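Working notes for the structure below.
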Amino acid sequence: MASPAGGMRIEKLAIGGARVDAVSGKTFAIHSPVSGEPIARVAEGDAADIDAAVKAAERGFAAWGAMSGAARADVLNRAAALLTARLPEIVDTEVAQTGRPIREMRAQLARLPEWYTYFGAVARTHEDSVFPFGGPYLNYSRRSPLGVVGLVTPWNHPLLILTKKVAPALAAGNAVVVKPSELAPLTPFMLADVLAEAGLPAGAYNVVTGFGATAGAALTAHPGIRKLDLTGGTETGRRAGAIAGERLIPYSAELGGKASVVIFADAPLERAVSGALFASFIAAGQTCVQGARLLVERPIYDRFVEALVARARKIRMGDPTDMATELGPLISARQLATVERYVGIGRAEGARLASGGERASGPPFDRGYFYPPTIFADVRNEMRIAQEEIFGPVACIIPFDGEEEAVRLANGTPFGLAAGVWTNDVARAHRVASRIAAGIVWINDHHRIDPSSPWGGFGDSGLGKENGAAAYEAYTRLQSIVLNVSAEPFDWYAAGERPQRYS
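In structure tokens:
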């Protein structure tokens with residue numbers, strides 16, 4: 027990071043352990059969601075810079091990939107300690123670039139060091155397998171890193187989502203080239219400084235900022251990339267997946283979502299309302315696991331709507347640097363326009379607007395992208411607001427009668443990333459959770475995550491898993507080695523009738 031005296035923060039590309047200008051010399055501005063004013067400028071990378079980063083990553087991989095798992099674990103543990111020490115500065119930067127309230131970002135980013143210590147432990151302890159091959163044979167497996175992997179990350183959780191990819195990728199011995207969102211790319215550069223100080227070899231972690239149509243497309247199609255891991259919209263994921271498929275490289279994608287939160291009549295009302303409020307409006311609804319669809323059993327439906335609306339109207343919207351603020355702005359004018367458009371669609375479809383529905387106005391909201399918590403009641407499952415990802419503070423409440431309808435409605439979208447179930451009936455909780463076609467199902471909770479817990483969806487929500495041993499293994503190549511330990515000679519074509527093993 028460079029901040030000329032009295033000037034704006036400037037970020038150059040991080041390539042090969044150095045900070046360099048883009049080949050084109052271009053830069054672009056990062057704007058505050060609170061004011062719309064520029065807060066930083068970053069280098070605008072393109073295909074030439076991606077190529078340079080991949081070549082640097084190949085050199086970094088030669089050093090990093092050759093290290094033992096224990097040595098890599100030591101580096102990741104040092105990175106965790108450095109992250110912990112630098113969290114205040116990182117939190118402030120995340121707040122500035124995303125508009126997320128500081129109380130959210132402190133809580134979220136305090137978890138980041140866990141990913142590096144967890145995957146450091148995996149690197150140190152992960153065991154290969156010995157298989158029951160049969161006969162006089164020893165069959166064992168070994169895992170090796172893939173090489174250079176490309177990571178494409180979004181703006182809504184800039185450092186958390188990046189960390190979910192970087193930690194297992196590095197633990198497995200790979201080098202990475204990161205293309206962060208052009209809306210919130212600042213903290214990935216801060217991670218570069220942390221990893222370098224922790225002892226990561228130069229080139230093992232590279233950051234190229236730029237736009238999707240140039241830098242992102244170049245990274246996706248680069249012949250030196252051995253795996254692509256992307257978090258973004260479903261259509262972007264399909265296009266990237268097609269390119270990865272053509273190149274026959276591994277591909278992971280966490281894409282869109284439209285999570286259903288199923289609330290049964292036996293759930294304690296106050297707890298369920300609090301949980302739904304959190305699921306719907308944390309991060310201003312700008313998260314793929316947002317509880318955007320609240321399915322409420324009819325006996326408590328009216329009381330639930332009334333209670334949720336009352337609580338939503340009390341959410342404090344304002345300056346995200348104020349610890350009292352509970353809801354910040356949306357990320358951009360474009361995202362604000364998208365939310366306004368969908369609210370108009372909901373009205374036109376006949377849903378009942380129970381709360382919100384108008385852009386916040388007056389000081390201090392006039393210059394930023396603020397939108398209040400908005401609730402539609404009496405929503406039908408076929409409505410667009412119930413089916414399409416809005417990515418904003420808009421919740422749809424849909425009534426249901428009985429368990430069968432609840433499951434049918436919960437599975438009634440093309441997405442399958444996450445869902446929630448609220449009930450006091452333990453058997454029902456497990457029964458319903460197992461029938462919901464979502465990669466993550468919370469029972470009497472929402473949004474919870476852990477570095478050990480697999481994270482990823484079904485259907486239009488993508489493929490592959492983040493977190494856990496599954497993520498680590500997905501960043502490796504699995505080789506099977508078969509050794510004949512018999513002292514007996516083998517000659518398939520020798521004369522004689524003695525039966526021999528063919529395979």
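Our numbering puts the first residue of the sequence shown at 27, with every later residue one more than the last.
Backbone N, C-alpha and C define an ideal beta-carbon position, used for all residues, glycine too.
Values in this document were obtained by computation on a predicted structure and should not be read as measured data.
CB residue i to CB residue j, shorter than 7 Å?
i: I56; j: T213; result: no
i: A241; j: I269; result: no
i: V299; j: R339; result: no
i: K81; j: V175; result: no
i: F215; j: E415; result: no
i: V322; j: I423; result: yes
i: V204; j: Y498; result: no
i: G263; j: L256; result: yes
i: A464; j: A445; result: yes
i: T439; j: F290; result: no
i: F304; j: H472; result: yes
i: E94; j: R393; result: Reading the sequence as shown, one finds Ser at residue 94 and not Glu. Not closer than 7 Å, so no.
i: A210; j: P184; result: yes
i: W141; j: A230; result: no
i: L188; j: T179; result: yes
i: V405; j: A377; result: yes
i: I371; j: R410; result: yes
i: R150; j: A105; result: no
With a 10 Å radius around its C-beta and 16 neighbouring C-beta atoms as the bar for buried, classify residue i as buried or exposed.
i: T110; result: exposed
i: A31; result: At A31, the pLDDT of 43 sits below 50, so the modelled position is not reliable; the number obtained from the coordinates is stated separately. Exposed, by the Cβ-count rule.
i: S487; result: buried
i: K52; result: exposed
i: S286; result: buried
i: Y395; result: buried
i: I507; result: exposed
i: G225; result: exposed
i: H456; result: exposed
i: Q505; result: exposed
i: M349; result: exposed
i: D75; result: buried
i: A92; result: exposed
i: P227; result: buried
i: A432; result: buried
i: F159; result: exposed
i: L164; result: exposed
i: A310; result: buried
i: L172; result: buried
i: A318; result: buried
i: L509; result: exposed
i: R360; result: exposed
i: S306; result: buried
i: R169; result: buried
i: W481; result: buried
i: D72; result: buried
i: Y519; result: exposed
i: M343; result: buried
Report, in whole angstroms, the separation of the C-beta atoms of residue i and residue j, which I expect to be a contact under 8 Å.
i: P425; j: P399; result: In fact, because the Cβ distance is near 20 Å, the residues do not count as touching under 8 Å.
i: A48; j: E70; result: 5 Å
i: N182; j: T313; result: 6 Å
i: A79; j: I41; result: 5 Å
i: S278; j: A83; result: The pair is not a contact, with the Cβ atoms about 18 Å apart (cut-off 8 Å).
i: R137; j: G354; result: That pair is no contact at about 19 Å.
i: V233; j: P206; result: 7 Å
i: N407; j: L362; result: No, N407 and L362 are not in contact; Cβ-Cβ is about 27 Å, not under 8 Å.
i: Y144; j: V156; result: Contact doesn't hold; Cβ gap of about 25 Å is too wide.
Output the boundary residues of the beta strand (DSSP E) element that contains residue i.
i: V175; result: V174 to V178
i: T400; result: T400 to A403
i: L320; result: R319 to E323
i: T246; result: It is not in any beta strand (DSSP E) - T246 instead sits in the alpha helix (DSSP H) that spans A243 to A247.
i: I289; result: S286 to I289
i: T257; result: K253 to T257
i: A230; result: Unbroken run through A230: none, as it is neither H nor E.
i: A445; result: A444 to W448
i: S278; result: Y277 to E280
What is the residue span of the alpha helix (DSSP H) that residue i lies within?
i: L303; result: L295 to F307
i: G263; result: T260 to R273
i: P114; result: G95 to T124
i: L435; result: G428 to A436
Indicate, with yes or no, if the ligand ATP has a heavy atom lying under 6 Å from the CB of residue i.
i: A380; result: Ligands in the displayed structure: none, and consequently the ligand ATP is not present.
Exercise. At what residue ranges does the stretch 32 to 92 contain a whole run of the beta strand (DSSP E), taking only runs of 3 or more?
Worked result: 35 to 37, 39 to 41, 44 to 46, 53 to 57 and 64 to 69
For this session: For the stretch 131 to 218, list the beta strand (DSSP E) runs that are entirely contained and at least 3 residues long, ordered along the chain.
Result: 163 to 171, 174 to 178 and 201 to 205
Problem set entry | Complete beta strand (DSSP E) runs within the stretch 328 to 416 (minimum length 3 residues, chain order) | 378 to 381 and 400 to 403
For this session: List in chain order: all unbroken alpha helix (DSSP H) runs of 4+ residues lying wholly within the stretch 483 to 523.
Result: 494 to 500
Exercise. Can you give, in chain order, each stretch of the alpha helix (DSSP H) that sits fully within the stretch 450 to 483 and has at least 4 residues?
Worked result: 452 to 461
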